[in-house]
Amino acid sequence: RRCLYCGVPIVPERAVCGDCLENLPRILAPICPLCGHQKADCVCKQHKLQFKAVCAPFYYEDAIRTAVYRYKFENKDFLAAAFARDMAETVRREYAEVQFDCMTFVPFTKKQLRAREWNPGETLAHALSKELDLPCCTLLEKLYETESQHTLSARARTGNVFGVFEACNLQNVQGKTVLLVDDIKTTGATLSECAKMLKFGGAEAVYTVTFAVTRRKAKEKRPADEIG
Numbered sequence: 001r002r003c004l005y006c007g008v009p010i011v012p013e014r015a016v017c018g019d020c021l022e023n024l025p026r027i028l029a030p031i032c033p034l035c036g037h038q039k040a041d042c043v044c045k046q047h048k049l050q051f052k053a054v055c056a057p058f059y060y061e062d063a064i065r066t067a068v069y070r071y072k073f074e075n076k077d078f079l080a081a082a083f084a085r086d087m088a089e090t091v092r093r094e095y096a097e098v099q100f101d102c103m104t105f106v107p108f109t110k111k112q113l114r115a116r117e118w119n120p121g122e123t124l125a126h127a128l129s130k131e132l133d134l135p136c137c138t139l140l141e142k143l144y145e146t147e148s149q150h151t152l153s154a155r156a157r158t159g160n161v162f163g164v165f166e167a168c169n170l171q172n173v174q175g176k177t178v179l180l181v182d183d184i185k186t187t188g189a190t191l192s193e194c195a196k197m198l199k200f201g202g203a204e205a206v207y208t209v210t211f212a213v214t215r216r217k218a219k220e221k222r223p224a225d226e227i228g
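In terms of the working numbering, the sequence shown is residues 1 to 228.
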């Protein structure tokens, strides 16, 4: 048996190693709803994107980075259940006053789906729907192929996803409060573009949740139109 997060061997009776239990880079309340960082780490200067708020249980560092790599690139899809439990706890804390109608996920193109054979974000959303007892619906389509976001600069990411998504199944979108799910938030460009299209499709409000967010430090501050 291996630790769910860092992957080191552990005794069969445990799911998480002692080091991860003590040292996971958790995001503790209070948080900034606009960037998902702890208030003490926030450098976004309240710059708004298209979603109403974002939250995540962890920063994308250390064992969490390892866990995400194992999940996405080593096809450890069973990790979705563990990730979803952490995300559900954060959603219940941060969005306690929000009544969601449904959740959705960042889609792949058909070509991406054939190449990868699965969409990690979709699998994560379905696992989270079980934790929150909330229906998970396909509400977005990805129309065009794009370069991978992680290979691009912060400035290029917004342009890379502009106009590539479209809302679908509009009967499940119009007038709804939607929880949008993804695995990682870096600049927020992808989530913002998806939220914009859901609102164009008639959504009342879009909130977002990810398993991890990339921590931004003060020396990494970007122009206002790139912050998120």
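In this text, a Cβ means the ideal position worked out from N, Cα and C, and glycines have one as well.
Going by DSSP, what residue range makes up the alpha helix (DSSP H) through residue i?
| i | result |
| --- | --- |
| Y71 | 62-73 |
| D41 | Premise fails: D41 is in no alpha helix (DSSP H) and is neither H nor E. |
| E131 | 120-132 |
| E198 | According to the sequence provided, residue 198 is Leu. The question's Glu does not apply to it. Start and end: 189-200. |
| C20 | 18-23 |
With respect to 7 Å, is the separation between the Cβ of residue i and the closest non-hydrogen atom of the ligand FMN below this value?
| i | result |
| --- | --- |
| R26 | Of the ligands one can find in the structure shown there are none, so the ligand FMN has no counterpart to examine. |
Give the DSSP bridge partners of residue i, in chain order.
| i | result |
| --- | --- |
| Y207 | A53, L179 |
| E166 | E141 |
| C102 | V178 |
| P9 | R2 |
| K185 | V213 |
Mark residue i as exposed unless 16 or more other C-beta atoms lie within 10 angstroms of its C-beta, in which case mark it buried.
| i | result |
| --- | --- |
| P223 | Low confidence applies to P223: its pLDDT is 40, below 50, so where it sits in the model is not reliable, and the reading given next is rough at best. P223 should be labelled exposed. |
| Q99 | exposed |
| A212 | buried |
| V11 | exposed |
| T151 | Unreliable positioning characterises T151 in this predicted model, as indicated by a pLDDT of 48, which lies under 50. The coordinate reading is nonetheless provided below. It is exposed - the Cβ of T151 has fewer than 16 other Cβ atoms within 10 Å. |
| Q50 | buried |
| P57 | buried |
| P243 | Given that the chain is displayed from residue 1 to residue 228, the structure contains no residue 243 and the question cannot be resolved. |
| T208 | buried |
| R216 | buried |
| F73 | exposed |
| P135 | exposed |
| Y59 | buried |
| R2 | exposed |
| G18 | exposed |
| V91 | buried |
| P9 | exposed |
| G121 | buried |
| K176 | buried |
| L4 | buried |
For the beta strand (DSSP E) containing residue i, name the first residue and the last one.
| i | result |
| --- | --- |
| K110 | Note, K110: premise wrong, no beta strand (DSSP E); alpha helix (DSSP H) at 110-116. |
| L79 | Where L79 is concerned, there is no enclosing beta strand (DSSP E), although the alpha helix (DSSP H) it sits in stretches over 79-94. |
Look up residue i in the DSSP assignment and say whether it is helix, strand or coil.
| i | result |
| --- | --- |
| Q171 | helix |
| P30 | coil |
| A212 | strand |
| A136 | Contrary to the premise, residue 136 reads as Cys rather than Ala in this sequence. Strand at C136. |
| T151 | Caution applies to T151, whose pLDDT of 48 falls short of 50 and renders its modelled position unreliable; the value that the coordinates give is listed next. T151: helix per DSSP, three-state reduction. |
Rounded C-beta distance between residue i and residue j? I'm assuming under 8 Å.
| i | j | result |
| --- | --- | --- |
| P107 | E141 | 6 Å |
| V54 | D101 | The Cβ separation is near 18 Å, so there is no contact. |
| T123 | D86 | 15 Å between Cβ atoms; not a contact. |
| V173 | L132 | Between L132 and V173 the Cβ distance is about 19 Å, and since that is not below 8 Å, they are no contact. |
| A84 | A40 | Actually they are not in contact, since the Cβ atoms of A84 and A40 sit about 27 Å apart, beyond 8 Å. |
Indicate whether at least one CB of chain B lies closer than 8 Å to the CB of residue i.
| i | result |
| --- | --- |
| T177 | The displayed structure is made up of one protein chain only, and chain B is not part of it. |
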